[in-house]
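Below is one structure, written out as structure tokens; comments come after it.
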Amino acid sequence: MTQDYVEGVAYPPQFHREMTPPWIDAVLRGLGRQGPDFARPFRWCELGCGSGLNALILAATHPQAEVVAVDADASALAEARIAADAAALRNIVFLPLRFDQLRAGSLGFFDVIATHGVLSWIAPAQRSAMLNLIGAALRPGGVAYAHYMTHPGMSAAAAGQSLMLRYAAGQPGAARHRARASLNIMQSLADAGAGYFAAYPQERQRLQWAARQEDAALAHEVLPPNWQPFHVAEMMEAFAGSGCAYLGSATPPDNIDAVSLPAATRPLLAGVEDAALAESLRDMARNQSLRRDLYGKELAPMSADAHRTALHALRLAGLPGAPEAGRLRFDLPLGQVEGEAALFDPLLRALRNRPRRLGEMERPGLHPAMLNQAAQMLIWSECAHPVAAAPAPPQAAWALNRHLATRGGAGWLAAPALGGAVAADPAAMLGARIALEEPGLDDVALVERAAHLLDTEQSASRDLLADWAQKRRQVWVNFGVLPAA
54 MTQDYVEGVA YPPQFHREMT PPWIDAVLRG LGRQGPDFAR PFRWCELGCG SGLNALILAA
114 THPQAEVVAV DADASALAEA RIAADAAALR NIVFLPLRFD QLRAGSLGFF DVIATHGVLS
174 WIAPAQRSAM LNLIGAALRP GGVAYAHYMT HPGMSAAAAG QSLMLRYAAG QPGAARHRAR
234 ASLNIMQSLA DAGAGYFAAY PQERQRLQWA ARQEDAALAH EVLPPNWQPF HVAEMMEAFA
294 GSGCAYLGSA TPPDNIDAVS LPAATRPLLA GVEDAALAES LRDMARNQSL RRDLYGKELA
354 PMSADAHRTA LHALRLAGLP GAPEAGRLRF DLPLGQVEGE AALFDPLLRA LRNRPRRLGE
414 MERPGLHPAM LNQAAQMLIW SECAHPVAAA PAPPQAAWAL NRHLATRGGA GWLAAPALGG
474 AVAADPAAML GARIALEEPG LDDVALVERA AHLLDTEQSA SRDLLADWAQ KRRQVWVNFG
534 VLPAA
């Protein structure tokens, strides 16, 4: 660990759908903002890309994009380059640099600059350098995506974080072992009835969540010496200093007060015109812990007619696992919210067989605002996904997926039709590997082939694989994840 950050332990690969062009486009349409045209050539930059999974998937599913991924961990980027070479991706560049090593203007201009899991975990000088870079490199009409920890939800966590960091510093061994030891001392305090956990019961839940993390991920959560939640107003002011205005959240429910705020708090926002104050009130009402903000440079609101036209043109694809009809229940931080069958049933039925434009699902008596909100909730709840503006030929995604699938375990696979990725558990990853190696196998032959690769005691895995082959394989073929049998 250096003075700035954690070194010597790679962060496990993670894919974040909120950073992809189709997702950003869909959310911006919902907010009434005209973002970049992702059907045309565009430039996309990730600051703090880690293992590069997001950048790799974006490059494989958007051949019209020029992708630049920056991270100070040269060893992680070396692995990312191996993956890019395996998929013959020529539209991606990895830069092993700190943010303060990047000169303003050296990278050119970008339509999207994204950063996830970075702002709250790096030194102030690196944070300032990042914001300066965003101000210099985001082109007018461009969008910045920023993920960070926020008050008030993380306010109580700051005390525990400080203790864990100090405790870990006195422990022997590698970073991952010291991080686990620091978590164990917190668990011991909780088990002993420490008043901290009595006063802040959500910290016991956070402790349980942390205990399930891989040691490598835990090291990056616990050991950064500059761990820092921010008030949303602070971050909005910082981005304003970079010439970027707050647009909304990349997490759709956070843009819908009717589902994200306690009912009695909503009237308190009436007449509040200051955006920073309004978002601060919302964060307090939600006890917000993490934010995924969207900022724009010179990105004006649409007119009412343009907004409706943009919404009508939004194309959605139904996802496997979504209910075929009926009402929906959304699990939100403040509790469960029920989506009425009268609203969601026709949408679920319409998306059952093929992608559709939102305009095709409009019907008499349904207010456009309700259709907009319903679409955003379908996207967030993984019942539907925006379709890529210009779906790519699948060959690059197949090549990348072959590389990703050979590693085994759970992960993600590139889906060109979605301009993003699908999550794959170990059984599905094995099935994808076989389908990519031997695309002519039908479902029965594929499961039979997998049985030879599975241990004789793994009957549950065989059952999961058969279930995947029956229910999801063809959908993945439709999304461009796999070749047809």
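Reminder that position 19 of the sequence shown reads as 72 in this note's numbering, one-by-one numbering, no gaps. Just so you know, even glycine gets a beta-carbon here, dropped at the ideal spot from N, CA and C.
Own chain, CB closer than 6 Å to residue i, minus 5 neighbours either side, in chain order
i, result
"Ser434", "Phe383"
"Val165", "Trp97 and Val196"
"Ala375", "Cys436"
"Ala370", "Pro408, His438 and Val440"
Proximity to residue i [Cα-Cα], best of the options
i, options, result
"Leu150", "Phe91, Ala316, Ser159 and Arg143", "Ser159"
"Ala452", "Ala443, Ala437, Ala468 and His438", "Ala468"
"Pro89", "Ala243, Lys350 and Met207", "Lys350"
"His211", "Gly226, Ser173, Ile77 and His200", "The sequence as given places Ala at residue 211; His does not occur at that position. When each option's Cα is compared against that of Ala211, the closest is Ser173."
"His438", "Ala63, Arg70 and Val59", "Arg70"
"Ala378", "Leu367, Glu391, Gln240 and Arg402", "Arg402"
"Met423", "Leu387, Ala311 and Leu489", "Ala311"
"Pro446", "Pro421, Ala113, Gly85 and His284", "Ala113"
For residue j and residue i, the rounded distance between their alpha carbons
i, j, result
"Leu471", "Asp495", "24 Å"
"His230", "His204", "29 Å"
"Ile432", "Ala222", "42 Å"
"Gly61", "Ala140", "27 Å"
"Gln523", "Pro66", "28 Å"
"Ala317", "Glu393", "21 Å"
"Gln240", "Leu260", "7 Å"
"Leu148", "Leu517", "39 Å"
"Ala286", "Asp124", "27 Å"
"Leu218", "Phe292", "29 Å"
Three-state secondary structure (DSSP) of residue i
i, result
"Pro277", "coil"
"Gly301", "strand"
"Arg259", "helix"
"Thr539", "Any property of residue 539 remains undetermined from this structure, which presents the chain solely from 54 to 538."
"Glu332", "helix"
"Val325", "coil"
"Met54", "Legend: pLDDT at Met54 = 33, less than 50; position of this residue unreliable, value from coordinates given subsequently. Coil at Met54, not helix or strand."
"Ala437", "strand"
"Gln523", "helix"
"His501", "It is Glu, not His, that sits at residue 501 in the sequence shown. Here Glu501 sits in helix by DSSP."
"Gln67", "coil"
"Gly578", "A query on residue 578 cannot be resolved here, the shown segment of the chain reaching from 54 to 538 and no further."
"Glu415", "coil"
Cutoff 7 Å; reference residue i; Cβ partners in own chain excluding five residues on either side
i, result
"Phe397", "Arg380, Leu381 and Ala427"
"Thr55", "The predicted model places Thr55 with a pLDDT of 42, which falls under 50 and marks its position as unreliable; any figure quoted below should be read in that light. Excluding positions up to five away in sequence, the list is empty."
"Leu372", "Glu435, Cys436, Ala437 and His438"
"Glu391", "Arg380 and Arg382"
Chain-order list of residues whose beta-carbon lies under 8 Å from that of residue i (same chain, five-residue window excluded)
i, result
"Val475", "Trp465, Leu466, Ala468, Trp529, Phe532 and Val534"
"Pro94", "Gln117, Ala118 and Glu119"
"Pro492", "Leu535, Pro536, Ala537 and Ala538"
"Met288", "Leu172, Ala199, Tyr201, Thr203, Arg344 and Asp346"
Limits of the beta strand (DSSP E) - the one that residue i falls within
i, result
"Thr203", "Neither: Thr203 is in no beta strand (DSSP E) and is coded neither H nor E."
"Gly371", "Arg368 to Gly371"
"Gly61", "No beta strand (DSSP E) holds Gly61; DSSP gives it neither H nor E."
"Leu453", "No beta strand (DSSP E) holds Leu453; the alpha helix (DSSP H) holding it covers Gln448 to Thr459."
"Ala122", "Ala118 to Val123"
"Glu290", "Note, Glu290: premise wrong, no beta strand (DSSP E); alpha helix (DSSP H) at Val285 to Ala293."
"Ala221", "Counting along the chain, Ala221 falls outside any beta strand (DSSP E), though it belongs to the alpha helix (DSSP H) covering Ala210 to Ala222."
"Phe383", "Leu381 to Leu385"
"Leu148", "Ile145 to Leu148"
"Phe95", "Phe95 to Leu100"
Residue i - containing alpha helix (DSSP H), residue span
i, result
"Ile135", "Ala127 to Ala139"
"Trp174", "It is not in any alpha helix (DSSP H) - Trp174 carries neither H nor E in the DSSP assignment."
"Ala480", "Pro479 to Glu490"
Residue i beta carbon near the ligand SAM (any heavy atom closer than 7 Å)
i, result
"Thr318", "Within the structure as shown, the ligand SAM is missing, as the structure has no ligands at all."
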